[in-house]
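Have a look at the structure below, then the notes.
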Amino acid sequence: MLKRSQVIESNPDATLELNMGPQTEPACLEKTGVSASEDYGAGLLENQLSVEDFVKIQQVFESQDPRQSICMPREEFIQKMTETVGWGTKEQYGDLFDKVDVARDGFIDWDKLTSFILLSLYERDERAKATVVTQWKDLEFLPGKHKDTIQKVVFLKSSSRYLTISKEGLVGIWGENLKLQEALPITSDATKLKYLWVTSLVSLENVNKIAVAFTSKEICFYDLLSKEQFPCQYKLQGLKGTPICMDYWYNPLDPRESILSFGDITGKVQAIVFTAAMISLFERPANACDDEEAAMTIDWAELLSGCHKCCHILQHTLHHGDWVRQVTYNASLDAFISSTTSRTNTVVLAWRERSKKLLKMTSFHIAQGIHAFDYHSRLNLIATAGINNKVCLWNPYVISKPVGVLWGHSASVIAVQFFAERKQLFSFSRDKVLRLWDIQHQLSIQRIACSFPKSQDFRCLFHFDEAHGRLFISFNNQLALLAMKNEAGQRVKSHLKAVTCVLYNSLLKQVISSDAGSTVSFWMIETGQKIKQFTGCHGKAEISTMALDANMTRLLTGSTDGTVKVWDFNGHCYHTLRVGQDEVVNISQILVLNKTILVVGWERSVTVFRPQNFNQFSIQSEEWKGGIHHQDDILCAAFSPPQTLATGSYDGEIVLWNNSTENAYHVLHPDHQRQLTSKLETKAQKLNAKKSGSTECMIDQSTLAAQNFEIDTEGNNAVMRLCFLEARKNNAATGGANLVSCGASGYVRFWNTFKKELLAEFLAHAGVGPIIMSTDKQNQYLTTGDPDGWLKIWNIEEYCTNSTENRITQTPTLLRSLRPHEDRITSLEMCESGGHLLIISSSADCRVCVTGLSNAPALIFGQASHWNIENYFSLPKEDTNVIESKSQKDNMKVNPLFSKEKSCSDSTEHSLLSEENNSTHIFRSSEEMNFSLKYKKRNICKKKTYKPCCDEILQKSASIFGSLSLGILKELPDVSKPEFLLDPDKYFKEGPEEDEPQIPDLPLLSETLKVVFDEKSLFPKEILNRERHGKSLCQETNDEVKIRRNKKQL
1 MLKRSQVIES
11 NPDATLELNM
21 GPQTEPACLE
31 KTGVSASEDY
41 GAGLLENQLS
51 VEDFVKIQQV
61 FESQDPRQSI
71 CMPREEFIQK
81 MTETVGWGTK
91 EQYGDLFDKV
101 DVARDGFIDW
111 DKLTSFILLS
121 LYERDERAKA
131 TVVTQWKDLE
141 FLPGKHKDTI
151 QKVVFLKSSS
161 RYLTISKEGL
171 VGIWGENLKL
181 QEALPITSDA
191 TKLKYLWVTS
201 LVSLENVNKI
211 AVAFTSKEIC
221 FYDLLSKEQF
231 PCQYKLQGLK
241 GTPICMDYWY
251 NPLDPRESIL
261 SFGDITGKVQ
271 AIVFTAAMIS
281 LFERPANACD
291 DEEAAMTIDW
301 AELLSGCHKC
311 CHILQHTLHH
321 GDWVRQVTYN
331 ASLDAFISST
341 TSRTNTVVLA
351 WRERSKKLLK
361 MTSFHIAQGI
371 HAFDYHSRLN
381 LIATAGINNK
391 VCLWNPYVIS
401 KPVGVLWGHS
411 ASVIAVQFFA
421 ERKQLFSFSR
431 DKVLRLWDIQ
441 HQLSIQRIAC
451 SFPKSQDFRC
461 LFHFDEAHGR
471 LFISFNNQLA
481 LLAMKNEAGQ
491 RVKSHLKAVT
501 CVLYNSLLKQ
511 VISSDAGSTV
521 SFWMIETGQK
531 IKQFTGCHGK
541 AEISTMALDA
551 NMTRLLTGST
561 DGTVKVWDFN
571 GHCYHTLRVG
581 QDEVVNISQI
591 LVLNKTILVV
601 GWERSVTVFR
611 PQNFNQFSIQ
621 SEEWKGGIHH
631 QDDILCAAFS
641 PPQTLATGSY
651 DGEIVLWNNS
661 TENAYHVLHP
671 DHQRQLTSKL
681 ETKAQKLNAK
691 KSGSTECMID
701 QSTLAAQNFE
711 IDTEGNNAVM
721 RLCFLEARKN
731 NAATGGANLV
741 SCGASGYVRF
751 WNTFKKELLA
761 EFLAHAGVGP
771 IIMSTDKQNQ
781 YLTTGDPDGW
791 LKIWNIEEYC
801 TNSTENRITQ
811 TPTLLRSLRP
821 HEDRITSLEM
831 CESGGHLLII
841 SSSADCRVCV
851 TGLSNAPALI
861 FGQASHWNIE
871 NYFSLPKEDT
881 NVIESKSQKD
891 NMKVNPLFSK
901 EKSCSDSTEH
911 SLLSEENNST
921 HIFRSSEEMN
931 FSLKYKKRNI
941 CKKKTYKPCC
951 DEILQKSASI
961 FGSLSLGILK
971 ELPDVSKPEF
981 LLDPDKYFKE
991 GPEEDEPQIP
1001 DLPLLSETLK
1011 VVFDEKSLFP
1021 KEILNRERHG
1031 KSLCQETNDE
1041 VKIRRNKKQL
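Right under this line is the structure:
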């Protein structure tokens, strides 16, 4: 017997219909995000049943014995359903019974009914996907520097960049935003490029290389990780024909196994099967030069003879001298597919035998030949672009005739490519007409005739990047872009207004999101269901940031009205913290610490509240003892137990504070450093100066250096986020990084706060403006988001863990790059749920999304169909093991002194804080600072001339100690308080004597001694004699003292 939860969870899309009631009004359809025109079969009974209706039906089928199921004949089913559900006619239930009873057994049970419902929902969802008509933005021509025909467009997943190469050998490097970053020649040999053409290019993604084919009958392999401009590592020479098309495949489960296939102008299809690609593509010849940077020349004859053990060759010549226009290897077929424009052997499938070194051939003879083909592994179809104006669909195992023919083009078809997710097909003809086909119904659902170039003589390149929804079409040296448009009316939204912040409550397993309309929503992470919502939390003011207390039972919301409110999860507000004195301020972050609540945002000072003073509803801020040390507005903050606080400002400075004393002691900046002195030190120095009558002043060299740097008025170095790497505390003491910052320039920087130095920086997002970031608890992964909606996941487990002489600029490993949002990402949160590492993101596009490390698409909170998070995202086993092993090591290495920190906060009902293992909860502002004109003008108009603070000037005494060099003492390392100071009641509490446990008396030595021992047998004679002599002297001395005392008394 299937349970209710099993029915829903087995098909997440089922809730698209199950949450609908029996109503048939269009308003009900709008709730689920399905328009009336798209609601196929809305009048059918099975599409109108709600979850409550299915629960009632399930109870009818339930039996007293769980091992048995109740079966109902037709008449009984109609009668009971009419009575139980309470709506619907007998004819409707009779039709439903006939649909379920496909085998005509005369009865149905609960299993048959639920199987039919889930199958019908799945078919309807597939039908809806296939009939979706894609909307396109206007055609855009990308400005490039190519002067000849563009031969290939590829996307590099590792660096999230596009590469284009033209016939003259010029390589264009494009960013994710399709801005041309660089244009470089593929080789520095100008003579070579003058007489040779580039024919093709492929990306060797698993080994970070590209392979380029030339008309000189050679293939060159270039390294993408080198600092030089495309250094050539291998030159494959001696080919019998010029390669004009190439393809590369590698095994994602075993990257060592990969295949480079290519076809030439003689009709040969050849493939190099690499077996150790991660180590080396080819073996180094014995006569090779010692220069490791020099290109290694590989002769094709050597490969054919088997001299290289790390690879072998496969080839066939079935095309008989015709030019091989396209070649690819497909792993699901385990075959090479190649094509020509000939009518015989037009498409050839070369199947690999079990020995993997022999090929079995299959030929398709297509009238007039084809220009191109594509293969869909899930549909198991080959689509061919026919010269005879037809697009044919072929089963790879049926060569006699196609399984489908798509008519509609009036000119020869020159390109085809599948839209795999929607099971659709693109085709492009010589008359510059683009068509989109529905494969299931074999119908043209869209015809796109854009304002393409009017020239009739052109060479076309067709490439569809499905992951990013971009279609590239080149016309000679021009590259055109058609980008998919997202339909705003049908787009799923989590909030009605822009989402500003997102948090994760690990105690309740809930996601909390806020928006610009002062609304807070609560979602279940496991299913995506919204459970409650608070509206008008700050009236009409925008909620800019949120935070949770240590117990995760109180929610703090910060708003542009200058207040921070403290809520429980029932919507009751306990306190209002006045930050801006009723003025409009932008609160960027709330930091909840042990005994204080810190608020920062667009002010040079830190605003502090102390919960022990929360004795009324409205709370005013208190004085921050450290004063002002920032030269510009503070945007973010981070805390590392037990007492290190870091604050980042608009001008790029990071100030380090001692949170216990609230004094600043150092300033970090990518271009300069400066030391700070506390107020107490400054006062003492002034007092000494007055006593000595000195009028001289000595300024620290670091302060003088700080005066010379140029203030950043444009915010190019603005620090948007700060994050301490708590899992790296041991590494930080030895020189590794323990603080990460990201800024407005798209850079991510790693700092060591012990040595006060910048260890590494890399450009995470180029040319997009300010970015934000988040990291997991183990500090193994780093997630960054930018204003264009792009999200990147980096592996930083081994990045910058040790001290180096030079600053590291190499990027860490990029695990994934995706675009879950259409607008600026405002907040990021990384968490673990069900054994999976999840990334929760919010955006100005009104969405809150959750994604993982796998390539599964992002889920949207608020979508019609709920999900099962444990089944949707799958974390790689090796990553899970790393996380588990790291957590076990951390638990084993915990210092007993810090393992338990006692609570110092009030234990009353209204208490906010209680110390835990991590005595701080840091929640960053969801709003990535909006550098609007008013803030820019305000910052630019400020007087930026640097004035040294009074506490930065050291007075030099003119007394006897005037010749001494007085300096600032080095900052002492963080030392935790002993246990008896943290909890004095435990050690010094005075209580009644009767409550104290009685300490039992120790037994006598004679009672516990089991064996009699003799001193003579334990110690040498010299020691015993010395002891005896000492005793006698002592006795004599005592006797003399007594005699003298007696004489004095007399």
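Each residue of the sequence shown is one higher than the one before, starting from 1 at the first, in the working numbering.
For each residue, glycine too, the CB sits at the ideal point set by N, CA and C.
Can you check which of these residues, the options, is closest to residue i by C-alpha distance?
| i | options | result |
| --- | --- | --- |
| S474 | D98, K1031, D148 and Q48 | D148 |
| C245 | I265, Y234 and L239 | I265 |
| T344 | G267, Y375, N208 and V154 | G267 |
| V324 | G263, H376 and A276 | G263 |
| I366 | D101, N855, G862 and L393 | L393 |
| D465 | S451, L196, Q417 and I448 | Q417 |
| Y574 | F617, I597, N594 and K532 | F617 |
| F569 | V579, L508, K540 and T661 | L508 |
| N663 | K625, I634, D651 and Y650 | K625 |
| K90 | R74, E653, A498 and V100 | R74 |
| N177 | F419, L170, R161 and L656 | R161 |
| G528 | H866, V153 and L982 | H866 |
| E168 | G175, I150, Q181 and F155 | I150 |
| N802 | C636, R728, W794 and K792 | R728 |
| H797 | R816, L859, T775 and G743 | For clarity, residue 797 is Glu in the given sequence; the question names His instead. When each option's Cα is compared against that of E797, the closest is T775. |
Quick one: residues in its chain with C-beta nearer than 7 Å to the C-beta of residue i, no 5 flanking neighbours on either side, listed in chain order?
| i | result |
| --- | --- |
| T1096 | Residue 1096 cannot be examined here, being either before or after the span of the chain that is shown, 1 to 1050. |
| N505 | I512, L548 and M552 |
| T1037 | none |
| K179 | G767 |
| Q229 | L184 |
Applying the criterion that 16 or more other CB atoms from any shown protein chain within 10 Å of the CB defines a buried residue, is residue i buried or exposed?
| i | result |
| --- | --- |
| Y397 | exposed |
| V768 | buried |
| I279 | exposed |
| G517 | buried |
| F639 | buried |
| H669 | buried |
| A733 | exposed |
| W249 | buried |
| S406 | This sequence places Leu at residue 406; Ser is not what is there. With 16 or more Cβ atoms within 10 Å of its Cβ, L406 is classed as buried. |
What residue range does the beta strand (DSSP E) around residue i cover?
| i | result |
| --- | --- |
| I525 | Taken as a continuous stretch (DSSP letters only), I525 belongs to no beta strand (DSSP E), as it is neither H nor E. |
| V60 | Looking at the DSSP string, V60 is not in any beta strand (DSSP E); the run it does join, the alpha helix (DSSP H), is V51 to F61. |
| A301 | No beta strand (DSSP E) contains A301, which is instead part of the alpha helix (DSSP H) from W300 to S305. |
| E761 | E757 to L763 |
| N795 | L791 to N795 |
| Y222 | E218 to D223 |
| N658 | I654 to N658 |
| N752 | Y747 to N752 |
| L156 | I150 to L156 |
| L281 | First-last for L281: undefined, no H or E at that position. |
Which residue marks the beginning of the alpha helix (DSSP H) containing residue i, and which one marks its end?
| i | result |
| --- | --- |
| D98 | K90 to V100 |
| M81 | R74 to V85 |
| A733 | K729 to A733 |
| E870 | I869 to Y872 |
Note down, in chain order, each residue of its chain lying with its Cβ closer than 8 Å to the Cβ of residue i, except the 5 sequence neighbours on either side.
| i | result |
| --- | --- |
| Y93 | L45, F77, I78, M81 and T82 |
| M361 | H316, L318, V348, L349, A350 and W351 |
| N855 | R816 |
If you drop the 5 nearest sequence neighbours on each side, which residues of the same chain put their C-beta closer than 6 Å to that of residue i?
| i | result |
| --- | --- |
| C220 | V212, C232 and K235 |
| V327 | C245, D247, S261, G263, V269 and S338 |
| I1043 | none |
| P787 | V768, G769 and R824 |
Measure the beta-carbon distance from residue i to residue j and round it to whole angstroms, keeping in mind my assumption that it falls under 8 Å.
| i | j | result |
| --- | --- | --- |
| I771 | C742 | 5 Å |
| L763 | G746 | 6 Å |
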